[in-house]
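Reading through the C-alpha cells given below for one structure.
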DNA sequence: TTGCATTTTATGTAGCTACATATTATGAAG
DNA sequence: CTTCATAATATGTAGCTACATAAAATGCAA
C-alpha cells in the first residue's frame, strides 16, 4: 500500500503516537532518528520534526540533541485550561452577568500576600473585594490585592461600575503568572457572601501576576458550590 | 533600526507580544500580514508564521485565512498542568510513598459513572478503591471504575501490590480524556479514609479516559486537605 | 438590488538546504 | 586508567520555494 500522496505532520504524529500507544515503542525506548523515520514514512525530515515537537508538547516523548528521541518513561497527563474573564464565563453559560463591589481600600499586605508575590516586606496596596453574579446569584467572590507601584491609575477608576478583573485584563498585561487551585471550607463571612452554608466546600482559583519582576495583582477567586473546572479537549 | 543578525521566531514572537502588551495593538485590532511583518522585522515569512502559531497557542491572537490576524478581544489565561502518576508525585515531594487497596469488586456502574462515560446503559465494570499514602498519611483516595470490555486482563493483576493507576498508565493508552477539578465536602466515610474531620473541604480531580470511543477507566481522586494543584510556568 | 460564480489574497503546510548547537563518542596525552 | 581536547552526530532553527485552502472581495447576470 504505497502512499503516493502527501502526508501531513499530523499524520506522521498520529502514526508515531499510534506506535507508542500500541507499545511498538515502550516507555524508555529510543525511536529512530528523524531522518530514518522520514525515509520510512516517505516524508521530509522537517515534517517529522514538526510531528516530534507536537509529541514533546503533549508530554509523550523527550528529545535530546545527539541523544535522540525517547518515549517518556514517566507518562504524564497534560491538560490545558482556558480561564476567561468572569463576565465572559458567566455569559457563556447563558446566564445574566452581574457585579457588585464589596469593599475597596488601601491597606498593608498581610503575610499571605507578601508570600504570594515573593516580597521582602509588606507594602501598601489596593485591596478590593467583589462579587460576580450569574442570574443574580453569587458566582465568584474575588479577594484581590493590586500593586499601587505598578497600577496606581486604577485608583482613579470607578470599581463599582467596572470590575478590577476586567480593567486589569484590558490595561495591565503580565509576563508571568502563578496559578493554583485548591478547596476551601467556607467560613461564616464567606458563606454569607456566597449565600451558602458555612462549612461548604468551595473551589478556589488563586492567580498572581507580574510584569517581569514587578508585582501586578493577586486574586483569590472563590467559586460557587459545585463549580467545576474542565480541561480543554486537546488537539 | 537595522537588524543585521538572525532573529529567532521567539524573538519575533516576543516583539509582537510586546506590541500587544504595550497596547500598540489593542484587543480586536488587526495585525499586518505576515509578509509585511517579515519585511519590517527583517526575517522570513516562515519565521513570522512560527511566531504567530505560538501566539495562537497561548491564546493571544486569532488567525483566519484571508481574514488575517487579530488580537483576541477576549483575553484568556491559558494554563497547562502536568499530572503524574501518584507515586511519582509523592516521591517528588521527598516523602515515602505507600499504597493500600481498599476494595475491589465487579459491579454495575451507577448512574454517575454511566454519565461520565456517556454510556447508553449501565454495564458491569471493575470497581476499585485505593488509598495512596505519603509518609504513611493519606495522600489521595481514588475511586475507580475500569471497563472490563477493554481492560479485562486487569482482573489477573494483583491490585494489592500494584496500583490500578500505575498498571493502567503502563498498559492501557488512551486517546481522549476528560479532566475536571472540583471541591468536595468529606462525608463520614471519606473523612475516615482520609483521616480528617467530616465536612473538610477536599480538592477532587476527576479523570475519564477512552481509546477512540471505547471507555477505559474513570477515577475520582480525592486529595488530602490543603492540597493544591499548581500550573506549570509557561514558556 | 439580489444571488451566485469567480477571483483575489492571507494564512497553512510540505519540502528542501544550510547551518547552529548540544551531547555523546572517540582518541591522544599524561 | 584518567583527563581533556576533538570529532561525529542527532536534533533545532532559519530561509527559501511551491502549492493548498479558506474566506473575503469582486463581478456578472437576472
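Residue numbers (the working numbering), protein chains in the order written: chain A, 505 to 739; chain B, 505 to 739. Positions of the beta carbon are idealized from the N, C-alpha and C atoms, including for glycine.
Subject >> Those runs of the alpha helix (DSSP H) which lie wholly inside the region 617-661 of chain A and span at least 4 residues >> reply: 652-655
Original post:
Would you call the CB atoms of residue 699 of chain B and residue 642 of chain B closer than 7 Å?
Top reply: yes
Original post:
How about residue 708 of chain A and residue 684 of chain B: are their beta carbons less than 7 Å apart?
Top reply: no
**OP:** State the DSSP-derived secondary structure class of residue 590 of chain A, mapped to helix, strand or coil.
**Re:** helix
Original post:
According to DSSP, is residue 528 of chain A helix, strand or coil?
Top reply: coil
Original post:
If you measure from the beta carbon of residue 516 of chain A to each beta carbon in chain B, is any gap under 7 Å?
Top reply: no
Original post:
Measuring CB to CB, does residue 741 of chain B end up less than 7 Å from residue 579 of chain B?
Top reply: Since the first residue shown for chain B is 505 and the last is 739, residue 741 of chain B is missing from the structure and cannot be characterised.
Original post:
Looking at C-beta atoms only, is the number of pairs between the region 589-607 of chain A and the region 634-652 of chain A that lie closer than 8 Å three or more?
Top reply: yes
Original post:
When burial is assigned at 16 or more other CB atoms within 10 Å of the CB, is residue 534 of chain A buried or exposed?
Top reply: exposed
Original post:
Cβ of residue 719 of chain A less than 7 Å from any chain B Cβ?
Top reply: no
Original post:
So is residue 719 of chain B buried or exposed if we call it buried at 16+ other beta carbons inside 10 Å?
Top reply: buried
**OP:** Flag this pair as touching only if the region 623-633 of chain B and the region 650-658 of chain B have three or more C-beta atom pairs under 8 Å; answer yes or no.
**Re:** yes
Original post:
Using 7 Å as the limit for Cβ to Cβ distance, is residue 703 of chain B near chain A?
Top reply: yes
Subject >> residue 522 of chain A in three-state terms, based on DSSP >> reply: helix
Original post:
Does the region 545-564 of chain A come within contact of the region 509-524 of chain A, defined as at least 3 CB pairs closer than 8 Å?
Top reply: yes
**OP:** Kindly indicate the opening and closing residues of the beta strand (DSSP E) around residue 732 of chain B.
**Re:** 732-734
**OP:** Can you have a look at residue 591 of chain B and say buried or exposed, based on whether 16 or more other CB atoms are within 10 angstroms of its CB?
**Re:** buried
Subject >> beta strand (DSSP E) segment containing residue 607 of chain A, residue limits >> reply: 601-612
Subject >> Cross-chain neighbours of residue 532 of chain A in chain B, by beta carbon under 7 Å >> reply: Near residue 532 of chain A there are no residues of chain B at all, since even the closest Cβ is about 11 Å away, more than 7 Å.
Original post:
So which residues of chain B does residue 683 of chain A contact, with C-beta pairs closer than 8 Å?
Top reply: 581, 583, 734, 735
**OP:** Measure how close the beta-carbons of residue 516 of chain B and residue 547 of chain B come, nearest whole angstrom, since I'm counting them as under 8 Å.
**Re:** 6 Å
**OP:** Let me know the beta strand (DSSP E) ranges lying completely inside the region 687-736 of chain B, each 3 residues or longer, listed in chain order.
**Re:** 705-715, 718-727, 732-734
Original post:
Mind pulling the chain B residues with CB within less than 7 Å of residue 563 of chain A?
Top reply: 586
**OP:** Kindly indicate if chain A contains any beta-carbon less than 7 Å away from that of residue 689 of chain B.
**Re:** yes
Subject >> Top-ranked residue by Cα proximity to residue 616 of chain A, from A:625, A:665, A:678 >> reply: A:625
Original post:
Is it true that the CB of residue 613 of chain B sits closer than 7 Å to the CB of residue 672 of chain B?
Top reply: no
**OP:** Give the straight-line distance between the Cα atoms of residue 561 of chain A and residue 557 of chain B, rounded to the nearest whole angstrom.
**Re:** 14 Å
Subject >> Close-in-space but distant-in-sequence residues of the same chain around residue 523 of chain B (CB under 7 Å, 5 per side omitted) >> reply: 529
**OP:** Assuming residue 705 of chain A and residue 694 of chain B form a contact by the criterion Cβ under 8 Å, report the distance between their Cβ atoms to the nearest whole angstrom.
**Re:** Incorrect: roughly 11 Å between the Cβ atoms, too far for contact.
**OP:** Name the residue from B:582, B:715, B:536 whose alpha carbon lies nearest to the alpha carbon of residue 574 of chain B.
**Re:** B:536
Subject >> Short CB-CB distance (under 7 Å) between residue 707 of chain B and chain A >> reply: yes
Original post:
In the DSSP assignment, what are the bridge partners of residue 565 of chain A?
Top reply: A:575
Original post:
Whose C-beta lies closer than 6 Å to the C-beta of residue 644 of chain B among residues of the same chain, with five residues either side of it excluded?
Top reply: 590, 636, 725, 727
Original post:
Name the chain B residues that come within less than 8 Å of residue 578 of chain A, Cβ to Cβ?
Top reply: 588, 589, 592
**OP:** Please decide whether residue 677 of chain B counts as near chain A, where near means a Cβ-Cβ distance under 7 Å.
**Re:** yes
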